[in-house]
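Participant: Have a look at this one before I ask anything.
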Amino acid sequence: MASLSLSGSRDGVINAAKLDLLDREPAADITRDKERKSLERNFCSDTVTAPSPEMLAYAMKAVSLGDDVFGWDYCTNRLEEHVAKLCGKEAAIFVSSGTMGNQIAVKCLLDKPPFSVLSDYRAHIYTSEAGGLATNTGAASIPVVPSNGKYLSLEDVKTHAILSDDIHYATTRVIALENTIWGVIHPQESILEISKFARENGLKMHLDGARLWHVSVETGNSLKELCEPFDTISLCFSKGLGCPVGSIIVGPADTISLARRYRKLFGGAMRQIGMLAACASYALSHHIALLPNVHQKARKLAERIQDLGITITQPVDTCMVWFDPSPVGLKCEDIAERAQKLDKPIAMFPADRLVVHIQTSDEAIDDMVELLRKMAKEAKGGKLPSSNNTANRAPYPAKL
Ligand SMILES: *Cc1c(COP(=O)(O)O)cnc(C)c1O
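For the sequence shown, position 212 matches number 212 in my numbering, and the numbering has no gaps at all.
Right under this line is the structure:
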């Protein structure tokens with residue numbers, strides 16, 4: 001009888017664990033289609049890009065099942081070797097996010113405090129990683145406002161880097177650049193000047209290359225060329241390339257070995273991630289090719305918005321359109337609210353940025369322009385004070 005009641009409660013435990021995601025109306029695949037459809041009208045960020053049916057099918061076909069913590073996963077190893085080579089570095093390591101990529105890479109470049117990391121005041125590593133640099137490395141941050149309003153120059157770096165060994169200061173050890181920065185391409189000549197200065201002064205160079213793919217296709221510079229001035233580079237697959245998860249750090253073999261240990265320390269070493277590596281390889285093979293068209297669409301969107309009297313506040317080099325609607329009497333928050341209320345809603349942050357991505361539809365762009373035209377007409381050209389002086393604006397709330 002005891003064993004009967006044990007098996008009874010065992011059944012209870014087993015049944016309680018069950019969860020069937022396919023048990024509802026409408027069926028799960030319909031939800032997925034709706035989600036994909038809504039991405040076509042989402043201008044918040046290119047983080048929203050999601051796996052296409054083709055990517056998922058490829059991943060299911062290519063998936064390997066090795067344990068990556070032991071270095072046994074075929075797809076992950078192939079991906080890491082491929083991207084390292086592509087970027088002209090000795091080694092690469094897959095990580096779960098761009099944040100983890102930046103944090104681990106910079107931690108690898110630092111030894112012991114006191115020290116500081118210099119970056120643009122808008123850099124993701126400074127604004128949007130939960131203050132991780134301080135927590136994870138003990139480094140002080142030196143956020144710098146670029147004097148040209150677009151990207152850091154050698155002069156900006158020279159002015160703010162702390163080279164002195166005066167005991168009052170946290171000496172700068174790493175310059176962390178970001179390319180693209182706010183969608184703007186940091187010209188390679190400027191990066192080379194900064195890296196020459198860094199080398200001469202024993203500083204390390206990290207690049208947040210979340211969207212370095214965009215720079216590479218837009219400029220025709222190889223990733224190897226773009227990565228050459230840096231010790232470490234982190235690149236994102238989930239940002240703009242449609243992968244569900246994943247970023248990668250590239251750098252020298254010894255640095256990447258250390259990164260493997262830090263990834264473990266951060267709890268970010270993952271087991272059977274072949275499926276994620278397969279998605280990333282699909283994105284490299286098929287989605288980078290779509291980026292020139294994305295940039296073209298963004299530029300077209302910017303031109304059409306500008307024709308309405310709205311100011312475009314940053315060069316539209318890649319996929320982002322930064323704008324100031326105050327000359328036509330509009331506020332970003334109001335635009336976002338109205339966009340959400342359209343019969344076919346458009347999503348955007350209540351902020352001065354629209355992001356075009358590989359899943360943005362032409363119809364969404366037309367509808368966005370039409371909404372702005374209508375709202376500008378309603379506002380009857382009444383101007384509002386500009387809230388868009390980027391030089392004076394705090395980097396918060398950051399936009400991812
Ligand atoms: C989004 C982003 C990251 C971080 O990526 P997550 O995967 O969201 O952690 C890093 N750098 C830049 C420039 C980004 O835009």
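Using N, Cα and C, we set each Cβ at its ideal position, and we do this for glycine too.
Bear in mind that the values here come from a model prediction, so they are computed numbers and not experimental data.
Could you tell me which residues DSSP pairs with Ile-175 in its beta bridges?
Facilitator: Looking up residue 175 in the sequence shown gives position 175. According to DSSP, Ile-175 bridges with Leu-118, Met-205.
Participant: Please specify which runs of the alpha helix (DSSP H), each continuous and at least 4 residues long, are wholly inside the region 37–117, giving them in chain order.
Facilitator: Runs of the alpha helix (DSSP H) inside the region 37–117: 53–62, 74–86, 98–109.
Participant: When the Cα atoms are used, what is the spatial distance from Gln-188 to Ala-57?
Facilitator: For the purposes of this step, residue 188 is identified with residue 188 of the sequence shown, where counting begins at 1. For the purposes of this step, residue 57 is identified with residue 57 of the sequence shown, where counting begins at 1. Cα to Cα, Gln-188 sits roughly 37 Å from Ala-57.
Participant: Return the chain-ordered list of same chain residues with a C-beta closer than 8 Å to the C-beta of Arg-271, the five sequence neighbours on each side being excluded.
Facilitator: Position 271 of the sequence shown, counted from the first residue, corresponds to residue 271. If we look at Arg-271 and ignore the five residues flanking it on each side, its Cβ neighbours are Asp-67, Asp-68, Val-69.
Participant: In chain order, what residues of the same chain have a beta carbon less than 7 Å from the beta carbon of Ala-391, not counting five sequence neighbours either side?
Facilitator: Position 391 of the sequence shown, counted from the first residue, corresponds to residue 391. For Ala-391, the predicted model reports a pLDDT of 47, less than 50, meaning its position is unreliable and no value from the coordinates is stated.
Participant: Just to confirm my understanding: we take Ala-416, look at its own chain, exclude 5 residues before and 5 after, and list those with CB closer than 6 Å. What are they?
Facilitator: The question about residue 416 has no answer, for the chain in this structure spans 1 to 400.
Participant: Could you please give the first and the last residue of the uninterrupted beta strand (DSSP E) stretch that includes Pro-143?
Facilitator: Numbered from 1 along the sequence shown, position 143 holds the residue referred to as residue 143. Element bounds for Pro-143: 140–144.
Participant: Give the straight-line distance between the Cα atoms of Glu-333 and Ala-351, rounded to the nearest whole angstrom.
Facilitator: Here residue 333 refers to the residue found at position 333 of the sequence shown. Here residue 351 refers to the residue found at position 351 of the sequence shown. So the alpha carbons of these two residues sit roughly 6 Å apart.
Participant: Of all the options Ala-259, Ile-233, Trp-213, which has the alpha carbon lying nearest to the alpha carbon of Ala-289?
Facilitator: In the sequence shown, counting from the first residue as 1, residue 289 sits at position 289. Ranking Ala-259, Ile-233, Trp-213 by Cα distance to Ala-289 puts Trp-213 first.
Participant: Does at least one heavy atom of ligand 1 sit under 7 Å from the Cβ of Ser-238?
Facilitator: Position 238 of the sequence shown, counting from 1, holds the residue named residue 238. Correct: Ser-238 has its Cβ closer than 7 Å to ligand 1.
Participant: Which residues in the same chain as Arg-41 place their Cβ atom closer than 6 Å to its Cβ, once the five residues preceding and following it in sequence are excluded?
Facilitator: Locating residue 41 in the sequence shown gives position 41, counting from the first residue. If we look at Arg-41 and ignore the five residues flanking it on each side, its Cβ neighbours are Ile-346, Ala-364.
Participant: Have a look at Cys-236 and Arg-10 and give me their C-alpha separation to the nearest angstrom.
Facilitator: Working through the sequence shown from its first residue, we reach residue 236 at position 236. Working through the sequence shown from its first residue, we reach residue 10 at position 10. So the alpha carbons of these two residues sit roughly 44 Å apart.
Participant: Is the CB-CB distance between Ile-442 and Leu-372 below 8 Å?
Facilitator: In this structure the chain extends from 1 to 400, so residue 442 is not present and cannot be described.
Participant: Taking the Cβ atom as the reference point for each residue, do Ser-128 and Thr-171 lie within a distance shorter than 8 Å?
Facilitator: Here residue 128 refers to the residue found at position 128 of the sequence shown. Here residue 171 refers to the residue found at position 171 of the sequence shown. Contact flag unset, no.
Participant: Between Ile-93 and Phe-266, how many whole angstroms is the CB-CB distance? I'm expecting something under 8 Å.
Facilitator: Here residue 93 refers to the residue found at position 93 of the sequence shown. Here residue 266 refers to the residue found at position 266 of the sequence shown. Going by Cβ atoms, the distance from Ile-93 to Phe-266 rounds to 12 Å, so no, they are not a contact pair.
Participant: Can you tell me where the beta strand (DSSP E) holding Ile-233 begins and where it ends?
Facilitator: Residue mapping note: residue 233 aligns to position 233 of the sequence shown, counting from 1. Taken as a continuous stretch (DSSP letters only), the beta strand (DSSP E) holding Ile-233 covers 232–236.
Participant: Compute the minimum distance between the beta carbon of Glu-200 and the heavy atoms of ligand 1, and state whether it is under 7 Å.
Facilitator: Against the sequence shown, residue 200 aligns to sequence position 200. No, Cβ of Glu-200 sits at least 7 Å from all heavy atoms of ligand 1.
Participant: Can you tell me whether Ile-256 is helix, strand or coil according to DSSP?
Facilitator: Counting from one through the sequence shown, the residue named residue 256 turns up at place 256. Ile-256: helix per DSSP, three-state reduction.
Participant: For Ser-285, report the span of its beta strand (DSSP E) as first-last.
Facilitator: For the purposes of this step, residue 285 is identified with residue 285 of the sequence shown, where counting begins at 1. Looking at the DSSP string, Ser-285 is not in any beta strand (DSSP E); the run it does join, the alpha helix (DSSP H), is 274–286.
Participant: For Met-348, does the count of other Cβ atoms within 10 angstroms reach 16, so buried, or fall short, so exposed?
Facilitator: Taking the sequence shown and counting its residues from 1, the one referred to as residue 348 is at position 348. Buried, since its Cβ has 16 or more Cβ neighbours within 10 Å.
Participant: Have a look at Val-321 and Gly-220 and give me their C-alpha separation to the nearest angstrom.
Facilitator: In the sequence shown, residue 321 corresponds to position 321, counting from 1. In the sequence shown, residue 220 corresponds to position 220, counting from 1. The alpha-carbon atoms of Val-321 and Gly-220 are separated by roughly 21 Å.
Participant: So is Gly-246 in contact with chain C if we call contact Cβ pairs under 8 Å?
Facilitator: Among the chains in the structure shown there is no chain C, since it carries only a single protein chain.
Participant: Can Asp-343 be considered in contact with ligand 1, in the sense that its beta carbon sits closer than 7 Å to one or more heavy atoms?
Facilitator: For the purposes of this step, residue 343 is taken as residue 343 along the sequence shown, with counting starting at 1. Checking every heavy atom of ligand 1 against the Cβ of Asp-343, none is found closer than 7 Å.
Participant: Between the C-alpha atoms of Pro-244 and Arg-32, what's the straight-line distance to the nearest angstrom?
Facilitator: Counted from its first residue, the sequence shown places residue 244 at position 244. Counted from its first residue, the sequence shown places residue 32 at position 32. So the alpha carbons of these two residues sit roughly 13 Å apart.
Participant: For His-168, count neighbouring C-beta atoms within 10 Å of its own C-beta (all shown protein chains included) and say buried if the count is 16 or more, exposed if not.
Facilitator: One-based indexing of the sequence shown puts residue 168 at position 168. Answer is exposed; the Cβ neighbour count stays below 16.
Participant: In its own chain, which residues sit with a C-beta less than 7 Å from the C-beta of Cys-108, not counting the 5 before and 5 after it?
Facilitator: Numbered from its first residue, the sequence shown carries residue 108 at position 108. Taking Cys-108 as the centre and dropping the five residues before and after it, the same chain places the C-beta of Thr-232, Thr-255, Leu-258, Ala-259, Tyr-262 closer than 7 Å to its C-beta, in chain order.
Participant: Give the straight-line distance between the Cα atoms of Ser-164 and Tyr-121, rounded to the nearest whole angstrom.
Facilitator: Numbered from its first residue, the sequence shown carries residue 164 at position 164. Numbered from its first residue, the sequence shown carries residue 121 at position 121. The alpha-carbon atoms of Ser-164 and Tyr-121 are separated by roughly 22 Å.
Participant: Return yes when the C-beta of Glu-218 is under 7 Å from any heavy atom of ligand 1, and no when it is not.
Facilitator: Stepping through the sequence shown from its first residue, residue 218 is reached at position 218. False, no ligand heavy atom lies under 7 Å from that Cβ.
Participant: Under a three-way DSSP split, which group does Arg-211 fall into?
Facilitator: For the purposes of this step, residue 211 is taken as residue 211 along the sequence shown, with counting starting at 1. In the structure shown, Arg-211 sits in coil (DSSP, three-state: anything other than H, G, I, E or B).
Participant: Would you list the residues sitting across from Ala-347 in a DSSP beta bridge?
Facilitator: To locate residue 347, count along the sequence shown from 1; it is residue 347. Residue pairing for Ala-347: DSSP places it in a beta bridge opposite Asn-42.
Participant: For Ala-305 and Val-369, I'd like the C-alpha separation in whole angstroms.
Facilitator: In the sequence shown, counting from the first residue as 1, residue 305 sits at position 305. In the sequence shown, counting from the first residue as 1, residue 369 sits at position 369. Looking at the sequence itself, residue 305 is Ile, so the reference to Ala does not match. For Ile-305 and Val-369, the distance between alpha carbons rounds to 6 Å.
Participant: Please go through the same chain and pick out, in chain order, the residues whose beta-carbon is closer than 7 Å to the beta-carbon of Leu-6, but skip the five residues on each side of it.
Facilitator: Taking the sequence shown and counting its residues from 1, one reaches residue 6 at position 6. None.
Participant: Could you tell me which whole beta strand (DSSP E) segments of length 3 or greater appear in the region 304–364?
Facilitator: The beta strand (DSSP E) runs lying completely inside the region 304–364 and spanning 3 residues or more are 320–324, 353–355, given in chain order.
Participant: Measure the alpha-carbon distance for Asp-20 versus Leu-241 and round it to whole angstroms.
Facilitator: Numbered from 1 along the sequence shown, position 20 holds the residue referred to as residue 20. Numbered from 1 along the sequence shown, position 241 holds the residue referred to as residue 241. Taking the straight line joining both Cα atoms gives about 30 Å.
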